[in-house]
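The sequence shown runs 55 to 490 under our numbering. By construction, the Cβ of each residue, glycine as well, lies at the ideal position given by its N, Cα and C atoms.
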Amino acid sequence: MYFDDNMIVDIQKIIGCKYEFYAHLNKDNSKSIEDIRKETLKEHTDLCISYFKKIVSDKRMENTFLNFEDNYFKDMSQTGRKMFRRLLVNTIGFHDIGKINPNFQNTKMDNMLGKYAETFSGIGSEHSLLSSVLYIDYFIEEILSLSNEDGRLILMSIMMFNAYAISRHHSNLDGFNEFLSKFNEGEKGIEIINTFKENDMNNIYRKNFSLSENRIVKVCGYIKEKYFNEADDEKSIYLYAYERLIYSLLVCCDFYATSEFMNKTIISDFGEIRNIDEFYKIYKDTDVYKSIREYEDTKYKKSKDLSNEKNINVLRTEMFLDAERELLKNIDENVYFLEAPTGSGKSNTAFNLSFKLFEEDKNLKKIYYVYPFNTLVEQNLNILNKTFGNNKAAMDNIAVINSIYPIKEDNKYVEYDSGKMEMKKILAINIMKKHY
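Here it is, written out as structure tokens:
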């Protein structure tokens, strides 16, 4: 098993036990304070971890993480790799621990924690950056105790990139360097560290806070040097992909968990293709597909010279069948390239190849069509409408992601956070996207 439960930090053991800390309130239809439903920080964290495990399992992401380890760490010891996994899973577990901030509890959760609010006056109700600081504080000593063979320095980088994702889980990834600048003298990251160092926080945070301004400045200096020195290195591509992945996982888990609490709806469908035949049968019933198969049975593979062929439909059909044959001959490859002029039937060929891939590889879950221009998105959406338009269930699983089309609503979830609702767009099975 890639993640063991003993890797997961029980935050209940490190946050203060004198007070109850809340993550969310649901005031919908509440007539009095007593009617307001409250979700504790522990409950929300456990639910996020639960969704994380389900996503990793359903999408078979263990292989993705193992591939990252093999490419990015290579010679790292098993001790170091286990530490990486521990850092990874606890990115989810620590993402909201900053909500122990008394000002957050006072202003957002209607949970008055008395004098402690004054101690955090300079921090305000901030919780994301505070979560990052507490994440770093928890793991930095453990990482520093490792040897170079265990990957101490590279794991320090991973820790900071995970902390960066935590700090941005309510917004976009603006820039890693901007995150590191939060720990410059006089910045909020340093103010958070000093607040914990200079005050008795036992009723808020029971772990001995060991992170210091001097140490975080040194860590950030090392990370900046390493990060920018490797900016053009192949490893930077792996790191970029990892950061995008951990950020997406964190936002998804937070979104699903919060949706479940707010709407009392357990989310079990992550927009995956369970049965490709539901789509393929519709596609096979089209006139175009039937004519291609008729041509295959009667004329394909017969010796002929196509250089002077005038019938565009014959050329389209030949390309369709040639592409299908080449795909099946090279089914174990990861990348296929098809080049042909505009209007030659590439989109139709791509639809068929997508379905063929799903038939051959049961691990595949989604289909993405990525186009360089919105006009191409619209053209191919029209094709999908012609093919699947009479089947509402199929069309409900097709979404467009760009700056023009509105988010597809299914009316199953209450819009509790307009920013997080962007995540709804990635739940669809077939996604057409404008790519820059």
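Asked: The segment 246-255 in contact with the segment 183-203 per 3-pair CB rule at 8 Å; Found: yes
Asked: C-beta contact flag for S264 and D191 at 9 Å; Found: yes
Asked: For I212 and L141, believed in contact at Cβ under 8 Å, the rounded distance; Found: 6 Å
Asked: Nearest-angstrom beta carbon gap, I220 and H149 [assumed within contact, 8 Å]; Found: 5 Å
Asked: Range of the contiguous alpha helix (DSSP H) that encloses E116; Found: 116-122
Asked: Of the residues V424, K272, K113, I258, the one placed nearest V454, counting alpha carbons only; Found: V424
Asked: Residue nearest to K400 in terms of C-alpha spacing, selected from S302, M166, N434; Found: N434
Asked: Per DSSP, cross-strand counterpart(s) of T396; Found: DSSP, once it has assigned bridges, lists no residue as partnering T396.
Asked: Burial state of G176 (16 or more Cβ within 10 Å); Found: exposed
Asked: Residues that E93 bridges to, as DSSP identifies them; Found: H78
Asked: Buried or exposed by the 16-neighbour rule on C-beta atoms within 10 Å, applied to C306; Found: buried
Asked: Through-space distance from T118 to S201, alpha-carbon basis; Found: 26 Å
Asked: Cut-off 8 Å between Cβ atoms - residues of its own chain near A404, not counting five sequence neighbours on either side; Found: L392, Y423
Asked: Minimum C-alpha distance to M137 - residue among E314, G205, K344; Found: G205
Asked: Y310, DSSP secondary structure in three states; Found: helix
Asked: Residue range of the unbroken beta strand (DSSP E) whose run includes V454; Found: 452-455
Asked: V389 (DSSP reduced to helix, strand or coil); Found: coil
Asked: C-alpha distance - D308 paired with G397, whole-angstrom precision; Found: 43 Å
Asked: Residues of its chain near I154, where Cβ-Cβ distance is below 6 Å and the 5 sequence neighbours each way are ignored; Found: I69, F75, I258
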